[in-house]
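Protein chains in written order, with the numbering used here: chain A, 1 to 203; chain B, 204 to 303. Glycine residues also receive a C-beta, built at the ideal position from the N, C-alpha and C atoms. One structure is given here, and the rest of the page talks about it.
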């Protein structure tokens, strides 16, 4: 077991183990599209409720976005293996989404929903979910996104309705659309890197 | 001089080692995903997975999703222990090789 060839073979196997474990973990982070989808959904709901004055704008748009996310995610999950990290990510966002949906619906029904509080609650919840995800994934860009949401939360409570509305639109643009597209580009680059790194293995 | 450890022959095959390493990082994986990650042929992959299944290192679940057959593989506790032991043995052998 001391010849150079054998030593190289053993080192190759150790490298193989490391690269395969990294390859398995690499498949878990394809979530950029959900940020873009929900960002667009927020814009549709805002435009619908502002222009159409429709009381059902938010509930209908959020329900459609939720169903779309579920359908697309289940199709993607069918092709990729599940990981503990992936399940943790899904748990954070599903729990946050359900909490926000129930809270907003109840506030809307009871007539206690007003712009400042609505934006502050949404921004606080999205800030918390983004921060939790970023700490688990060790992703600084997502933590920056959480900071933007927290800033939007504070601003919403201290400024006029007009400024609060603008701040909400800007936060959606940067934290959902821009961050989502950035995430999709990063994932695409990572997957391409992974595909080129893989080779053929024989028993 | 301490005796050098034996490497588990079931895991030592390169494809089987790659498969166990992949499965150690996910909860479960489909046959097609394992094929794409290893670049192996269906026949070879099936044969190596069967060897791992017979050794009790992986568990297989066959089901239908949207009327399409799906074969899912996951690592068992025995498989995880065997891979950990294999890595330990590998490091011990590499250490011995460096010292000699």
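Taking C-beta atoms under 8 Å as the contact rule, residue 59 of chain A and residue 96 of chain A fail to qualify, at a distance of about 17 Å.
Distances from the alpha-carbon of residue 233 of chain B to those of B:287, B:272 and B:212 put B:272 closest.
With fewer than 16 other beta carbons inside 10 angstroms of its own, residue 141 of chain A counts as exposed. For residue 274 of chain B, the pairing in a beta bridge is given by DSSP as B:265.
Looking at the DSSP output, residue 232 of chain B shares a beta bridge with B:276. Contact between the stretch 256 to 272 of chain B and the stretch 104 to 120 of chain A is absent: fewer than 3 CB-CB pairs across the two stretches fall below 8 Å.
For residue 129 of chain A, the closest alpha carbon among the candidates A:114, A:117, A:113 and A:148 is that of A:148. Annotation: the stretch 113 to 153 of chain A contains the following complete segments of the alpha helix (DSSP H) (minimum length 4 residues), in chain order: 115 to 137. At least one CB of chain A lies nearer than 8 Å to the CB of residue 229 of chain B. Put simply, of A:34, A:24 and A:82 the residue whose alpha carbon is nearest the alpha carbon of residue 67 of chain A is A:34.
Residue 216 of chain B sits in coil when the DSSP states are folded into three classes, being neither helix nor strand. Contacts with chain B (Cβ-Cβ distance below 7 Å) from the stretch 7 to 18 of chain A involve 7, 10, 11, 13, 14, 16 and 17, listed in chain order. Chain A places a beta carbon closer than 8 Å to that of residue 217 of chain B, counting this residue as a contact.
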